[in-house]
Amino acid sequence: MHVRGHLSETSHTHCALPPRSLRARVKRPSVVRSALGHADRWLSALRPRVELNRNLKLLFVLQSVSAVGNGLLMPLLPPYFLHLGLTGSDVGLLNGVMGLSMAFALLPSAVIADAKGRKNLALASLALGVPAVLLVAAGARELLISAFVLLGLTNAAANVSLSPLFADSVEKVEQMDSVYAYSAILSLIFSSVGAALTWPLIGFASASGNAVAAYRLGFAASALLFALSILPLLGVQERRVTARGRPSLKVSPVALKLAGLGALTAFGAGVGIWNIGYWFSRKHGAEAPQLGAMNIASNLLMAALTAAAPAASARLGTVSAVVALQVASIPLLVAMALSGSLAWAGALYVLRSALMNAVNPLVSSLQMRLVRPDERARMTMLSTLAWQVVGSAGAVLGGYLLDLNVDLPIYVTAAVYLVQSALLYIVLRGAGEASKPDY
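Per numbering that gives the first Met the number 0, the very first residue in the sequence shown carries number 0; after that it's consecutive.
As structure tokens, this is what we get:
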């Protein structure tokens with residue numbers, strides 16, 4: 000399921016040697032063997048820079064399948080809500096409910112992941128995502144609230160379990176940035192595939208004259224893809240990390256700074272970005288095919304910039320690279336609000352989104368390097384908790400402001416991003432260049 004990021008607007012997430020069992024040959028079910036074969040072909044170009052063990056291949060397959068489902072789901076939601084008669088305040092409330100639900104579930108999810116294992120929690124999160132999407136398809140307002148509560152719970156469990164599973168599967172710490180960059184690129188590419196599936200769906204809507212039925216068919220397809228993403232996870236061999244002493248929520252000072260700065264970004268994103276699909280539908284009349292096309296273009300451009308992010312980080316330093324990309328995106332955000340056409344607003348949004356989010360793998364990698372392996376789920380929890388609580392408040396406010404003036408939330412977001420970028424540079428200048436884990 001989709002999880003928003005913590006320093007930028009969207010995200011992923013580590014780096015001790017796994018035990019020999021990770022590399023041992025085991026008997027594979029035919030589905031797992033087939034998935035591994037596809038992963039070999041998809042990722043063959045990456046081998047010169049990253050050593051792909053069995054776990055990483057399976058996790059990449061899981062991520063790719065779920066990204067198709069998520070790429071299909073996201074463009075469907077805003078116009079679907081508009082067809083149901085929901086207002087901006089209603090949409091903001093739903094996003095706020097999901098964010099708060101996720102925030103409340105993060106702490107227990109992190110404790111369970113670190114103490115009892117991450118794989119089982121990840122399996123539960125993927126399984127529960129299926130009924131959540133089907134509840135959205137039902138369309139009744141009381142069911143929408145329940146669906147978004149459940150989506151928040153599943154996102155919390157997935158966020159603190161899948162990221163540490165990825166990190167624990169990386170065998171060489173110096174390959175961490177590259178692994179997360181490739182992970183982000185795969186997610187963007189396959190999310191674009193999912194977004195392209197909206198086109199035949201809306202073609203069906205035009206033929207049948209029933210747009211809501213077509214959207215519900217899309218939700219069913221998305222739920223099926225989320226269910227299929229469980230299969231590769233079954234083959235993952237978890238590396239259990241033994242906790243040191245009693246359970247603790249202790250994290251590094253740099254992690255606390257990242258969480259605080261991420262919360263400020265989250266407020267801006269909640270106000271103007273979490274409801275951006277509804278903004279396009281309301282101001283410019285965009286339907287799922289147009290939103291899907293923007294997502295595809297944004298993902299492909301973001302993939303190119305994400306591939307270059309490790310090199311930019313090596314040249315400029317992590318913090319300077321993040322700040323430079325964020326600041327470059329702010330004028331485009333303002334210009335998007337001033338634009339009077341869907342084509343121009345969409346083009347500006349594509350470039351803005353790619354610039355703002357291209358650094359996510361670097362941020363995720365940095366966070367995981369700064370904590371011990373047995374603290375990684377709690378680190379992810381802290382960062383996501385800060386993001387979700389403040390972002391949810393921003394989403395509710397943004398929905399209210401959207402009903403007052405359709406462009407007002409975007410201007411507020413631009414101002415918040417400018418302040419956050421300045422604080423990020425001042426507070427963390429030099430902190431992100433450490434190359435050794437702080438444990």
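We put the beta carbon where it would ideally sit given N, CA and C, even for glycine.
Keep in mind that this is a model prediction, so the values were computed, not measured.
Item                                                                                                                                                                     : Value
Figure out for me which residue from 313, 308, 183 and 122 has the closest Cα to the Cα of residue 153.                                                                  : 122
In whole angstroms, what separates the C-alpha of residue 60 from that of residue 187?                                                                                   : 13 Å
Using only CA atoms, which one of 116, 69 and 403 lies nearest to residue 282?                                                                                           : 403
Decide if residue 340 is buried, meaning its Cβ has at least 16 other Cβ atoms within 10 Å, or exposed.                                                                  : exposed
Does the segment 286-303 touch the segment 70-79, meaning 3 or more C-beta pairs lie closer than 8 Å?                                                                    : yes
Out of 70, 81 and 57, which has the shortest C-alpha to C-alpha gap to residue 279?                                                                                      : 81
Which residue wins for smallest C-alpha separation from residue 84, given the options 268, 277 and 316?                                                                  : 277
I'd like the list of long-range same chain contacts for residue 424, defined as Cβ closer than 6 Å, with 5 residues on each side in sequence excluded.                   : 322
Among the candidates 388, 128, 343 and 338, whose CA atom is the shortest distance from the CA of residue 229?                                                           : 128
Out of 53, 212, 136 and 197, which has the shortest C-alpha to C-alpha gap to residue 169?                                                                               : 53
Which residues mark the beginning and the end of the alpha helix (DSSP H) in which residue 86 is found?                                                                  : Premise fails: residue 86 is in no alpha helix (DSSP H) and is neither H nor E.
Please list, in chain order, all residues of the same chain as residue 118 whose beta carbon is under 8 Å from its beta carbon, the five residues on each side excluded. : 160, 164, 232, 235 and 237
Expressed to the nearest angstrom, what Euclidean distance is found between the alpha-carbon atoms of residue 312 and residue 344?                                       : 30 Å
Looking at residue 355 and residue 324, is the spacing between their C-beta atoms short of 8 Å?                                                                          : yes
Just mark residue 209 as buried or exposed, buried being the case when its beta carbon has 16 or more other beta carbons within 10 Å.                                    : exposed
Which residue comes first and which comes last in the alpha helix (DSSP H) that contains residue 278?                                                                    : 275-283
Rounding to the nearest angstrom, what Cα-Cα distance links residue 211 and residue 138 in this structure?                                                               : 9 Å
The alpha helix (DSSP H) with residue 347 in it runs from where to where?                                                                                                : 341-356
At 3 residues or longer, what runs of the beta strand (DSSP E) sit wholly inside the segment 147-184?                                                                    : none
When the Cα atoms are used, what is the spatial distance from residue 224 to residue 158?                                                                                : 18 Å
Looking only at C-alpha atoms, which of 167, 99 and 95 sits nearest to residue 116?                                                                                      : 167
Between the C-alpha atoms of residue 360 and residue 383, what's the straight-line distance to the nearest angstrom?                                                     : 15 Å
Just to confirm the assignment, what range does the alpha helix (DSSP H) spanning residue 289 have?                                                                      : 287-315
Taking the CB atoms as reference points, tell me whether residue 297 and residue 353 lie closer together than 8 Å.                                                       : yes
Could you give the DSSP three-state label for residue 406: helix, strand or coil?                                                                                        : coil
Mind listing, in chain order, the continuous beta strand (DSSP E) runs of no fewer than 3 residues lying wholly within the segment 86-138?                               : none
At the level of alpha carbons, what is the spacing between residue 126 and residue 226?                                                                                  : 6 Å
Going by CA-CA distance only, name the one from 96, 63, 68 and 71 that's closest to residue 395.                                                                         : 96
Leaving out five residues before and five after residue 112 in sequence, what residues of the same chain have Cβ atoms less than 6 Å from its Cβ?                        : 120, 159, 160 and 376
Classify residue 98: buried if its beta carbon has 16 or more other beta carbons within 10 angstroms, exposed otherwise.                                                 : buried
With a CB to CB cut of under 6 Å and the five nearest residues on each side skipped, what residues in its chain are close to residue 94?                                 : 273 and 394
Going by alpha carbons, who is nearest to residue 399 out of 68, 270 and 143?                                                                                            : 270
Ends of the alpha helix (DSSP H) at residue 229?                                                                                                                         : 229-233
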